[in-house]
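In what follows, a single structure is set out as structure tokens and then discussed.
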Amino acid sequence: MSDRFVVVPVGQGNEQCSESEGAEGYTIEPQDAVPVLEYSREPNRYGDGMPKESSPFINNTDNDKGNLYDGKNMALFEEEMDSNPMVSSLLNKLANYTNLTQGVKEHEEADDDEGPAKTKKPVKSPALGTLIGVYLPCLQNILGVILFLRLTWIVGTAGIMESLAIVVMTCSCTMLTAISMSAIATNGVVPAGGSYYMISRSLGPEFGGAVGLCFYLGTTFAGSMYILGTIEILLTYIVPSAAIFKAEKKEDEAEALLNNMRVYGTCCLTLMSLVVFVGVKYVNKLALVFLACVILSILAIYAGVIKTAFEPPDFPICLLGNRTLQNHNFDQCLKTMEVDNVTVTTKLWSLFCDSPDLNATCNEYFTLNNVTVIQGIPGLTSGVIRDNIWGDYGPNGMLVENKHQASEPAADTSQDIYMPYVANDITTFFTLLVGIYFPSVTGIMAGSNRSGDLRDAQKSIPIGTIMAIATTTFIYISSVILFGACIEGVVLRDKFGDSVKGNLVIGILAWPSPWVIVIGSFFSCCGAGLQSLTGAPRLLQAIARDGIVPFLQVFGHGKANGEPTWALLLTGGICEIGILIASLDAVAPILSMFFLMCYLFVNLACALQTLLRTPNWRPRFKFYHWALSFLGASLCLSLMFISSWYYALVAMLIAGCIYKYIEYRGAEKEWGDGINGLSLNAARYALIRLEEAPPHTKNWRPQMLLLLNLDSDHAVKHPRLLSFCTQLKAGKGLTIVGSVLEGTYMTKEAEVKKAEQNIKSSMTTERTKGFCHVVASSNLRDGFSHLIQTAGLGGMKHNTVLMAWPGTWKQSNDPVSWKNFIETVRETTAAHQALLVAKNVDSFPTNADRLGQGTIDVWWVVHDGGLLMLLPFLLRQHKVWRKCKMRIFTVANMDDNSIQMKKDLQMFLYHLRLDAEVEVVEMHDSDISAFTYEKTLVMEQRSQMLKQMQLSRTEREREIQSITDSSRSSIRRNNQTGATGSESGPIRELEDTQEDEAQLIHDRNTASHAALNDKADAGPDRVHMTWTKDKFLTERNRNRAEASMGVRDIFNMKPNQSNVRRMHTAVKLNEVVVNKSQGAHLVLLNMPGPPKNRGGDENYMEFLEVLLEGLNRVLLVRGGGREVITIYS
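Per the numbering used here: the sequence shown = residues 18 to 1146.
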């Protein structure tokens, strides 16, 4: 259901106006109608009533685009109206917005509305104030089972001082948490989910899901605790005879009680679950009764305390020596008594002796000590408070003794456990009591969970919650002091009231009767258990509907009215685990852990938001401070480990596992949480620190800029390049994957986004962790240059560029591809960045491959700062290359001492801590072979041809045509055998005429394009805008003459001697590398630098092609001009 305002016209008299409700939830009224806002809870057509978090506004405004603007007053903002609403429309949305939770009340309204003749009932607006809406629900949730069943025992065991310390610590924790929660709850609307919503939207889905599930588990185990408390009251104080398992011996009593708790607890859980399933409206209707029981019980306690000041109640306690006796099976605290002047034994005698005779054999301690009677409740004025100041801890089985009574110890104490003494049922110590007591201060979230029912949630939640905590703190502190001042210490330490005939200890203090407390606490525990079984499934449903934990999505479904049926089943199952534990003292610390973890993160969320100063952090509650939140978080963490360090570790382990699961498998959500803000601040701080100084050589690692080429569908051409980057980086350091689309961003925006999505998808597939950046540029050359210059931020910039070798540069008629490659090489050199070029990258291994025994060969020709040696080491860290061995080859000239070079290189590698085989290859001087000379000549001829073809497209076409014409003419002259001149003339003339016409059309179409794009051809003699037959013939003859002269020069040229030497080096080095490393898994080789004179760029590509010929996987490496590896530690 949703809460919405509906505009209703107010007409004359009682006239009713028909409402035709529009898509926005309000109606169109006559001009003379006076609009009045009424509050309505009709089914929200937009879904679950939640605001769309993808929209910056409360609700999406797509449906308003047709009627947002109809006039001329706002003509200046016409274009904005398409995407942004006018203020009037936004305010209407705010008026129609609902913050009512999908809670039990609305589910029951849906149930009532079901049926064939359902009629809409007018529902009043939320009108709950602070008292009814927040204060009393929090009071009911905080006060409960621990107050009635365990607080007196805690006071007797820990003493007044330590009990006050426990109360102050725990209440301070909840008060600080309430302050933080009030700040978060008043920083906007808190929809369904309550505390889970606050934490998840403040700390992100990972923390929110982890803590939300912990809070769910805490609430579920709280249900177990309340059910166990209900059964304990039922079987111990109301109908003890209803026990199924009865102990024949005293030592079996504890086990029998646990079994009875399990059986009756399971039955009670089943019954409560059925009540919740059938209809939680019964729970809501009984809530007031449960609350009345709690308040009446507390008032009865205070009334009883006041009465003890002038008329203490008569509850005698029987002591044997200084030991407290269980007062179940005897009426009189006497060993013997006079009946008709005859001494007879009592029932007490028969408990310690083997027969009722006076000469019977009795327990030694019974024989040595007398029985005495003291009052269980001496009263306020008795001074018993002095005896209860300090605690009395002890092990399991320790007898409850009055230290101020005289006692004769017995020599044999082995039979004491079979005697009717009151003893400890568990080992007691301070930290245990903290864990048992803490559930009595939980329940502070009750107000924030009901924000939809409040008239002014942002005012009521802080005031009501803090006042409830203050009230309960006063009740607990006063109870600790008054219990210690009114009740005898041995009675306080008697957990189950065995010394007062099985009465509830706190009950004997109450006025007018102990049954007031017994009945009140029974119904209070029942109500709290029902509330837990009602709230926990809805919390799980809220988490499941958020979709952040995939395996929980089934629990987001339920009945037609949204009742969480599946979540209720899971809650019942987990609750049964707590009931099978069967001990209230064992279950209480478990739920303490989960609640403390939830409160810890509430405090952390508030502190984080305050310190980050997020612009959206504007709480209406102003009485908070980050120091208080940190103190609360520290106190929560301390209480976790104080209560039970192993439970704390288990709870943190559960939360951590859920966190990691959501991080890796859960749905990605963007809620504007504080963790993102913290990450941004940490990143900013780290970037500023990195900017201060360049990294030391020891800290140098390749920070990659990966330049990708995309195909026509904007998909990655070489995904293996991403795999290789992953293997090289192993997820460490910076990786930026960049690409360039040709064009302007305004026209290519959609394609840029599509390319980014494709690249990110490929990065995910290849497990490459990094950033993606696609730019649109007028040409590829400038785009890659911009990436090299601007990629990264501050000190987090790339220092290495990785790209693929342009394998099709020879086949491409367009020289742009290899020119871009060479210019990129020059760019990286000028930017002092390392360059890695992978040749045959499609044959590189994938991340799933596992290379067997093989080698990674390094050909170290020139020193590049040590990058050549560092790269194999990094590659071998990855499982793909782990089994490969490293070999280093270096080249020695004729005048070098190759033996000494090998020794020096081995020593250098030893100091570098690198394991590698070393080999020195000698390259003898030899004459330049004819093959090298011929290869150089072919290369230069091709280069010259390309130079002449780098004219405008028009002239290139003309030159090709002229060469074709010359070839045809020579063929015709050579093959002409019997044709006459008169026959061949018309044919040739016809062919020329057709070629002329085609050339004329082509020239007209391309002349203007050539004039705009070719700088070299801007002269008027190259482009003729107006053509005649004579002009065309003149131009064609001139071009043919130039072309034929160029062709003759190409075939008559001699190779440049410098190019011959370079080709010789490439050929000889290629022979050596192929001979040594043809079978290697990877070859790393120094990359020669491009020529300074750009005229030899084509030759440079040819040299590299010859150098790498015959090798499968090659990585060309060019250093960045600095040392990247050091021998020092």
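Cβ atoms here follow ideal geometry from the backbone N, Cα and C, with glycine treated the same way. These numbers come from a predicted model, not from an experiment.
Alpha carbon to alpha carbon, how far is residue j from residue i? Give it in angstroms, no decimals.
| i | j | result |
| --- | --- | --- |
| residue 360 | residue 377 | 14 Å |
| residue 340 | residue 416 | 7 Å |
| residue 565 | residue 530 | 52 Å |
| residue 925 | residue 749 | 27 Å |
| residue 1136 | residue 753 | 19 Å |
| residue 1076 | residue 707 | 45 Å |
| residue 247 | residue 576 | 29 Å |
| residue 544 | residue 239 | 12 Å |
| residue 919 | residue 913 | 11 Å |
| residue 149 | residue 535 | 26 Å |
| residue 897 | residue 412 | 59 Å |
| residue 433 | residue 440 | 10 Å |
| residue 722 | residue 851 | 10 Å |
| residue 827 | residue 567 | 52 Å |
| residue 424 | residue 386 | 6 Å |
| residue 174 | residue 448 | 12 Å |
| residue 477 | residue 461 | 13 Å |
Relative to the alpha-carbon of residue i, which residue among the options has its alpha-carbon at the smallest distance?
| i | options | result |
| --- | --- | --- |
| residue 503 | 406, 512, 715 | 406 |
| residue 155 | 191, 180, 1096 | 191 |
| residue 646 | 717, 636, 623, 631 | 623 |
| residue 420 | 828, 323, 505 | 505 |
| residue 186 | 1124, 493, 635 | 493 |
| residue 164 | 934, 184, 1128 | 184 |
| residue 795 | 765, 282, 849, 514 | 765 |
| residue 664 | 642, 603, 616, 501 | 603 |
| residue 742 | 854, 639, 682 | 854 |
| residue 1149 | 1108, 1109, 1126 | Past the edges of the chain, shown from 18 to 1146, lies residue 1149, and the structure says nothing about it. |
| residue 408 | 312, 324, 509 | 509 |
| residue 3 | 696, 756, 322, 279 | There is simply no residue 3 to check, as the chain begins at 18 and stops at 1146 in what is shown. |
| residue 703 | 444, 812, 1103, 546 | 812 |
| residue 145 | 474, 422, 236, 356 | 474 |
| residue 773 | 733, 806, 759, 274 | 733 |
| residue 435 | 368, 329, 288 | 368 |
Quick one: what's residue i bridged to in DSSP?
| i | result |
| --- | --- |
| residue 794 | 759 |
| residue 855 | 821, 1132 |
| residue 799 | According to DSSP, which records beta bridges pairwise, residue 799 is partnered with nothing at all. |
| residue 904 | 874, 934 |
| residue 788 | 753 |
| residue 1103 | 1134 |
| residue 438 | 342 |
| residue 810 | 813 |
| residue 471 | 145 |
| residue 909 | 939 |
| residue 727 | 733 |
| residue 354 | 361 |
| residue 721 | 752, 817 |
Runs of beta strand (DSSP E) wholly within the region 358–436 (minimum 3 residues, chain order): List check, beta strand (DSSP E) in window: 359–362, 388–392.
Would you list, in sequence order, the uninterrupted alpha helix (DSSP H) runs of no fewer than 4 residues that lie entirely inside the region 643–699? Those alpha helix (DSSP H) runs which fall completely within the region 643–699 and span 4+ residues are 643–660, 662–682.
Could you name each continuous alpha helix (DSSP H) segment of 4 residues or more that falls completely within the region 273–340, going from the start of the chain to the end? Secondary structure remark: continuous alpha helix (DSSP H) runs of at least 4 residues inside the region 273–340, in chain order: 298–325.
Only counting runs of 4 or more residues, tell me where the alpha helix (DSSP H) segments fall wholly within the region 562–623, in order along the chain. The region 562–623 contains these whole alpha helix (DSSP H) runs: 582–598.
Looking at C-beta atoms only, is the number of pairs between the region 813–827 and the region 767–785 that lie closer than 8 Å three or more? Touching, no.
Indicate whether the contact test is met: 3 or more Cβ pairs, each with one atom in the region 549–561 and one in the region 579–597, closer than 8 Å. Yes: the two stretches touch, three or more of their Cβ pairs being nearer than 8 Å.
Counting pairs of Cβ atoms below 8 Å between the region 864–871 and the region 833–842, do you hit three or more? No, they do not touch.
Contact the region 306–313 vs the region 369–384: 3+ CB pairs below 8 Å: Result no; under three Cβ-Cβ pairs closer than 8 Å.
Is the region 342–356 close to the region 393–402, with three or more CB pairs under 8 Å? Short answer: they don't touch.
Please give the ranges of any alpha helix (DSSP H) in the region 209–237, keeping only runs that are unbroken, at least 4 residues long and fully inside the region. Segments of the alpha helix (DSSP H) lying fully in the region 209–237: 212–220.
Taking contact to mean at least 3 C-beta pairs separated by less than 8 Å, is the region 1106–1118 in contact with the region 1090–1098? With the rule of 3 Cβ pairs closer than 8 Å, the region 1106–1118 does not count as touching the region 1090–1098.
So, do the region 200–207 and the region 459–477 have three or more beta carbon pairs nearer to each other than 8 Å? Yes, since at least three Cβ pairs between the region 200–207 and the region 459–477 fall closer than 8 Å, the two stretches touch.
Using a Cβ distance threshold of 8 Å, determine whether the region 593–613 contacts the region 655–669, with at least three qualifying pairs required. With a cut-off of 8 Å, the region 655–669 and the region 593–613 count as touching, because enough Cβ pairs lie within range.
Taking one C-beta from the region 280–290 and one from the region 632–642 each time, how about it: are there three or more such pairs within less than 8 Å? In this structure the region 280–290 does not lie against the region 632–642, because fewer than three pairs of beta carbons, one per stretch, are closer than 8 Å.
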